[in-house]
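Here is the structure we will look at, set down as structure tokens.
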Amino acid sequence: MRKYFDSIANPIDGRPIEGALINVLKGDGSQQPIYGDPNKAQLLAQPIKTDALGFFQFFVDSGVYTLRIANGASVQTITNVDMTDSVAGAVTADAIIGALGYTPYDSGNPAGYLSSITSGLVNAALGGGGALLKSGGTMTGAVLGVDSNDPAALVTRAYVQSLSNGQVPKPASRRATTGNISLSGIQTVDGVTGLSGGQTLVKNQTAPAENGLYLEAAGAWTRIVEMDTWAEVPGATTFVSGGTTQANTSWSCTSAAGGTLGTTAITFTQTSAQGAYDASGGVKKTGNVFSLTPIANGKLLGNVSGSSAAPVEVTIADLLGYTPANAAGQTFTGEVNAPSVNARGAAGTFRLMRFMSGALNRFAWGLDSVAESGSNAGSNLFLNRYNDAGSFIDQPIGVNRATGVVTINGKTMAEKADLAALALASNSTPGTSLITASQYRTLQQALATFGVNVMDKGAKGDGVTDDINAFRIAVDTGARVIRMPSVETFYNLSDMWRVGRSAKLVGDGCEPYQGSLDTSPATRGPGSWLKFNHSGEGLLLYGTDTSHSGGEIEGIGTIRNQPDPAPGWAPINHNYDLSVISGDWRLDNIMLWNATKGLLHDYAGYGRCEIGRLRGSCFNIGINIDRCADLFRAQDVHFWPFSGFSTYGEWTRDNLIALQTGRCDGATFDSFFCIGAARGVQMVQGQTGISQHIKFGVLYIDLFGEFGIYVDASADGASMEVADLLMQGAVAADGDPGGAQNGIVVAADNSVLKAAISNIKRVNEQAAIVTGNNSTVELGLNSIDAWNRASIGASAYAVTGTGSKIMLGLPPLVTNSGGAIGDGSGKVFMPSMAAI
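Residue numbers in the sequence shown follow full-length UniProt numbering, run continuously in steps of one, and reach 836 at the last position.
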């Protein structure tokens with residue numbers, strides 16, 4: 001709230017009045033108490049006198065006031081003066097200066113104000129609150145409501161706004177924004193350094209309701225008082241005086257009335273631009289009018305730098321009668337040669353179409369259906385190539401007028417444009433030669449044997465793009481061969497890739513690690529890697545009947561997302577990377593890089609799975625075979641962790657089953673190796689039966705945590721034969737898990753396990769134990785080393801099952817004995833070998 005009169009403006013210097021008597025009265029004529037100190041301890045008597053400089057001072061409830069009497073004036077009474085400045089003008093004796101309230105305006109206290117102002121300068125009636133009335137009374141020398149052309153006339157606000165076309169002037173701004181800013185802190189905007197209290201036009205906020213005119217501050221900015229309510233927003237116009245891009249521009253607010261400040265969008269439109277306008281590039285300016293520069297008659301001007309020139313009328317007759325200056329009056333014979341003019345200008349635009357002059361003036365095939373004749377009947381028409389400097393490069397196309405024979409890049413085509421009659425050179429350059437439809441069909445058949453490339457179907461192999469659709473399209477083509485070239489990262493597959501027909505899936509192999517395996521995990525190299533970026537089945541090879549035979553897959557690797565190595569690590573519960581369900585499939589050179597579950601072969605009623613070479617690092621299970629009525633064959637299986645043992649070893653020694661067989665007859669493994677598994681080979685009761693006559697050429701189970709071979713109690717009647725068996729348990733240096741650790745455990749009844757050569761080393765308990773009934777373990781040439789490492793009194797061989805036995809073909813070769821060889825049950829048989 002402001003005082004009704006802030007000050008008395010424009011004082012006139014003059015001789016000060018010393019000793020003038022001053023009475024301070026209220027509006028009702030009663031005397032106003034005044035004091036000589038701010039604490040109001042000293043009550044002054046009235047009248048008071050001015051000092052030598054014409055000043056007098058006193059204190060009232062609302063503060064301190066000072067007045068100067070000058071210019072020879074004498075004043076008897078000053079009533080309710082707001083004493084902040086000198087009394088101005090010719091003040092005569094006995095004059096009354098009133099209605100200058102010393103207290104803030106208070107509509108509830110009209111006694112603090114006079115009802116009129118009377119002096120040599122002012123004569124005005126006041127309202128009850130001391131305010132100047134809006135009606136009744138006039139101002140001397142100024143009349144409201146008369147002809148607005150009168151220079152002494154006052155005008156209304158509405159009239160002023162009508163002159164500004166809806167624009168409401170606001171204070172000028174130092175600068176304007178060009179993008180979203182923070183409305184706090186001193187900052188540089190459009191190249192103008194910040195200034196506390198400086199005004200900025202904010203017009204580009206992400207939230208348009210924040211736009212407006214602001215005063216900059218070290219803290220939060222505030223809107224200027226002239227535009228801090230919505231009524232002051234519509235039409236608000238400001239001039240921007242500074243800035244790299246916004247200087248000397250004006251902007252007006254186009255937001256409509258009726259909005260809410262802070263909620264409704266505030267938008268500004270530029271109403272004037274900086275600088276003056278000029279004309280160039282074919283445009284001229286006369287005063288404030290812009291026009292195109294005309295060109296002379298008879299000239300054609302195409303694309304030029306700047307604007308196209310003003311067009312002139314050119315008739316057909318003008319065109320037909322036009323003769324180039326360098327061709328007038330000349331006679332041409334022989335081959336067509338274009339005028340010596342640069343084919344292209346400096347800006348790369350054509351300045352002359354060479355063939356027009358040559359074809360129309362120097363070599364004509366015919367005009368208006370009337371044939372030309374003469375010495376150039378056998379001439380050729382050439383399409384020449386020129387470089388940017390206008391120099392000749394070559395003649396890509398030539399046409400013989402007499403024969404119609406077309407020559408393309410030096411190769412002659414037949415007279416008729418029939419592809420079947422094309423004369424093709426025997427030494428055609430690959431990639432540039434034409435071929436016949438017959439040749440194309442032959443090539444298409446050859447390409448069909450080569451197969452389809454997933455890259456040609458949209459796969460990127462960049463490790464980011466989802467390639468699953470490209471892989472599915474490749475299968476849908478029906479091509480026998482589907483190729484997956486090696487990439488630096490991997491093919492990203494967001495869903496299961498199902499191949500439900502006989503096909504050959506070919507990759508370029510994979511590089512499982514680069515450098516040392518001491519790092520966890522290892523660094524992969526390039527290859528035909530398929531990353532299954534989900535937790536379902538990865539690649540499903542699925543055949544529904546006997547027609548699905550002859551499927552092959554070779555040279556690929558699989559990847560899964562797994563957590564980073566850490567204490568207490570566990571893999572994500574992904575499904576199998578490879579699922580071979582029925583059908584007849586051969587797998588060769590397959591890499592399972594970090595599978596939770598590796599390969600499932602199930603429901604092979606009409607086919608079998610054959611493995612040429614399978615390598616991998618699996619965490620829960622390597623290979624699982626069940627419901628396999630035909631023979632499963634594997635030549636080379638190798639499970640090895642592609643990282644340091646300290647990274648994943650604890651998990652795999654407690655959880656990994658390298659090979660599990662359910663219903664499976666006569667499965668054959670030429671070479672099987674695993675390291676760091678909990679159980680190397682496990683036989684269980686499958687969904688439809690057990691495993692019988694499982695055969696191994698070489699079975700090597702290294703650093704196992706629990707059991708080398710385990711025949712589960714559910715596998716009643718299972719059987720296995722091994723030609724060469726080697727196994728050794730993990731020791732302390734390998735992260736020995738402790739607890740039960742046996743080489744061979746037969747817990748099933750009526751089961752048989754045979755090994756022609758066996759070497760069982762480093763186990764906490766027995767090298768071999770039979771707990772099932774009527775089961776047999778036969779070991780021919782056998783070696784045992786360091787059994788009973790847990791020192792629990794375990795013998796090398798033990799039998800606890802009824803009717804079961806262990807039969808040794810020869811006395812064992814013992815190294816680092818751990819105690820008794822047999823358990824004394826009478827069920828471990830060893831032939832007596834007397835020395836000869």
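Ideal Cβ positions, reconstructed from N, Cα and C, are used throughout, including at glycine.
Query, Result
"Exposed unless 16 or more other CB atoms sit within 10 angstroms - verdict on Ile-675", "buried"
"Proximity of Val-192 and Arg-174 at Cβ, strictly below 7 Å", "yes"
"Beta strand (DSSP E) segment containing Ile-468, residue limits", "Here Ile-468 belongs to no beta strand (DSSP E); instead the alpha helix (DSSP H) covers 468–476."
"Own chain, CB closer than 6 Å to Asp-665, minus 5 neighbours either side, in chain order", "Gln-692"
"Given Trp-230 as reference, the closest of Ser-255, Glu-216, Pro-208, Ala-218 once Cα atoms are compared", "Ser-255"
"Residue of Asn-492, Gln-741, Tyr-386 minimising C-alpha distance to Ala-790", "Gln-741"
"Top-ranked residue by Cα proximity to Asn-573, from Tyr-797, Thr-238, Cys-618, Gln-685", "Cys-618"
"For Leu-600 and Ile-553, believed in contact at Cβ under 8 Å, the rounded distance", "About 14 Å separates the two Cβ atoms, so there is no contact after all."
"Where Leu-126 falls, given that 16 or more other Cβ within 10 Å makes a residue buried", "Low confidence applies to Leu-126: its pLDDT is 44, below 50, so where it sits in the model is not reliable, and the reading given next is rough at best. When all chains shown are included, Leu-126 counts as buried."
"Alpha carbon of Ile-769 to alpha carbon of Phe-632, nearest angstrom", "28 Å"
"Straight-line gap, Gly-398 to Phe-392 (C-alpha atoms, nearest Å)", "15 Å"
"Under 7 Å between C-beta atoms of Phe-673 and Tyr-700", "yes"
"Status (buried if at least 16 other CB within 10 Å, exposed otherwise) for Ile-792", "exposed"
"Same chain, Cβ closer than 7 Å to Ala-425, neighbours up to 5 away in sequence not counted", "Unreliable placement is indicated for Ala-425, whose pLDDT of 44 sits below 50; the coordinate value is still reported in the next sentence. Here the set comprises Lys-411."
"Burial state of Ile-186, where buried means 16 or more other Cβ atoms lie within 10 Å", "exposed"
"CB of Leu-592 within 7 Å of CB of Asp-577, strictly", "yes"
"Proximity of Leu-540 and Arg-608 at Cβ, strictly below 7 Å", "no"
"Outcome for Asn-39 when other beta-carbon atoms lying within 10 angstroms are tallied against a minimum of 16", "exposed"
"Straight-line Cα distance separating Phe-59 from Asn-80", "The predicted model places Asn-80 with a pLDDT of 40, which falls under 50 and marks its position as unreliable; any figure quoted below should be read in that light. Their backbone Cα atoms lie some 13 Å apart in a straight line."
"Bounding residues of the beta strand (DSSP E) (the contiguous stretch that carries Cys-609)", "609–611"
"Sub-7 Å separation of Val-452 and Ile-408 beta-carbons", "no"
"Nonlocal neighbours in the same chain, by C-beta distance under 6 Å from Ile-760, ignoring five residues either side", "Met-727, Gly-743, Ala-767, Ile-784"
"Ser-758 and Leu-725 closer than 7 Å at C-beta", "yes"
"Cβ-based burial, Ala-347 [other Cβ within 10 Å; buried from 16]", "A caution first: Ala-347 carries a pLDDT of 36, below 50, which makes its placement in the model unreliable, though a value can still be read off. Ala-347 comes out exposed."
"DSSP bridge partner residues for Ala-176 (one or two, in chain order)", "Leu-201"
"For Tyr-648, the three-state DSSP class (helix, strand or coil)", "helix"
"For Trp-230, three-class secondary structure by DSSP", "helix"
"Proximity winner among Arg-679, Ala-723, Val-731, relative to Gly-708 (alpha-carbon distances)", "Arg-679"
"Enclosing beta strand (DSSP E) for Lys-597 [first to last residue]", "585–604"
"Proximity below 7 Å, CB of Tyr-797 to CB of Gly-822", "yes"
"Chain-order list of residues whose beta-carbon lies under 6 Å from that of Val-454 (same chain, five-residue window excluded)", "Ala-470, Phe-471, Ala-474, Met-484"
"Nearest-angstrom beta carbon gap, Pro-169 and Thr-237 [assumed within contact, 8 Å]", "6 Å"
"Those residues which DSSP pairs with Tyr-214 across a bridge", "Thr-200, Arg-223"
"Where Asp-654 falls: helix, strand or coil (DSSP)", "helix"
"Cβ-based burial, Tyr-440 [other Cβ within 10 Å; buried from 16]", "exposed"
"Distance between Tyr-214 and Ile-224 (C-alpha atoms, nearest Å)", "6 Å"
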